[in-house]
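Numbering-wise, the first sequence is residues 1284 to 1546 according to this note's numbering.
Here a beta-carbon is modelled for each residue, glycine too, at the ideal position from N, C-alpha and C.
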Amino acid sequence: MPELPDVEVFKRYLDATALHKSIQKVEVEDNRVLRDLTVQKLKRRLRGQKIHHSRRHGKYLLANLVEREWLVLHFGMSGRLKYFKAEYSWPQHSRILLTFSNGFHLAYVSQRMLGEVGIFSGDLDDFIEEKELGLDAGEIGWDQFKERFKSRRGSIKSALMNQQIMAGLGNIYTDEVLFQACVHPKTSVPDLDTKQLKSLFEKMNAVLTTAVDCQADPEKMPDSYLLPHRDKGGRCPRSHGELDRIKINSRTTFFCSACQRQP
DNA sequence: CGTGGCTCCTGGCGGC
DNA sequence: TGCCGCCAGGAGCCAC
């Protein structure tokens, strides 16, 4: 699930629940989510600290611990956060559990463990540089968007999903943006005219804003969106034709061949 | 440089 | 009912 809107919702959730509370206990239920980081180091860096504020960049959420030190959360395909009180209500697939001084817990939940929990030392800009991330999709301006995409040769879907060009869009929201802009996902970037590129930029902003407003919940999204219709029998809300389903870069891609014309 | 395939993982679902 | 293969909203790596 976690693309930019989902992670933004996680950020707001974290901000509303876990700030300014002393971390008393750190439990690692499965150390595979730590990758190269040792359990010992994670505990040493977290215990006794507080999360002062958080930042999101693309699909990453960074929780600030001390000056130039962050707890890094990446959610892979199935990650989320859960703040709760009672011990017996631990969510299934909790991999990391923090216990605060008020007795509440914050769980990093990840069924498939494709995400990562880490510690980063440095400024946010250093992190972005190390991960080679492009500008955040929610903050990029039109001139930068145009600049970054016009030098690309591949398909627009691949480009929009490329975190080095721009960070935040994943498979689902890329399909949504292409659908809203009526652009076929296989269109090669150089074949797009400025008007189409501008439309993609504007629709991207609208989609991201709407998705965050809907708490990234497909059921709350407008019926005119692709999201609520992908997967369940799948009919285009505009043409009412059956949605097409293809693979691009081995990712399932939904689109409407009536609205999004073959390049 | 871009694309497609494979890999890391777990678990739900449809088909037989 | 049970088992199996397929698939899933991420992303790094490698061969072509």
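Residue i - DSSP class collapsed to helix/strand/coil
{"i": "M1487", "result": "helix"}
{"i": "M1559", "result": "Because the chain in this structure spans residues 1284 to 1546, residue 1559 falls outside the shown range and cannot be described."}
{"i": "T1470", "result": "coil"}
{"i": "F1403", "result": "strand"}
{"i": "K1481", "result": "helix"}
{"i": "A1547", "result": "This structure cannot settle anything about residue 1547, because the visible part of the chain is limited to 1284 through 1546."}
{"i": "E1310", "result": "strand"}
{"i": "R1315", "result": "helix"}
{"i": "I1439", "result": "helix"}
{"i": "R1513", "result": "coil"}
Supposed close pair residue i, residue j - CB separation, criterion 8 Å
{"i": "I1455", "j": "L1510", "result": "7 Å"}
{"i": "L1480", "j": "F1403", "result": "With 8 Å as the limit, L1480 and F1403 do not qualify as a contact, their Cβ atoms being about 34 Å apart."}
{"i": "F1293", "j": "L1364", "result": "5 Å"}
{"i": "T1538", "j": "F1462", "result": "Note that residue 1538 is Phe in the sequence shown, not Thr. F1538 to F1462, Cβ: 6 Å. Contact."}
{"i": "N1532", "j": "S1441", "result": "5 Å"}
{"i": "A1464", "j": "K1486", "result": "4 Å"}
Counterpart residues of residue i in DSSP-defined beta bridges
{"i": "L1526", "result": "Paired residue(s): none; L1526 is not in a bridge."}
{"i": "L1389", "result": "Y1366, L1381"}
{"i": "L1418", "result": "M1449"}
{"i": "F1538", "result": "D1527"}
{"i": "R1518", "result": "E1525"}
Spatial neighbours of residue i in its chain, beta-carbon cut-off 6 Å, leaving aside the 5 residues before and after
{"i": "L1329", "result": "I1306, V1309"}
{"i": "Y1391", "result": "R1378, I1379, V1400"}
{"i": "I1529", "result": "T1536"}
{"i": "H1335", "result": "N1347"}
{"i": "E1312", "result": "S1377, R1378"}
Cβ-based neighbour list, residue i, same chain, cut-off 8 Å, excluding 5 preceding and 5 following
{"i": "K1333", "result": "L1302, H1303, K1304, S1305, I1306, L1348"}
{"i": "F1383", "result": "A1301, K1304, S1305, I1306, Q1307, L1389"}
{"i": "T1493", "result": "M1504, P1505, Y1508"}
{"i": "D1419", "result": "L1287, R1339, H1340, G1341, M1449, A1450, G1451"}
Entirely enclosed beta strand (DSSP E) segments - the segment 1322-1371, minimum 3 residues: 1337-1340, 1343-1349, 1352-1357, 1362-1367
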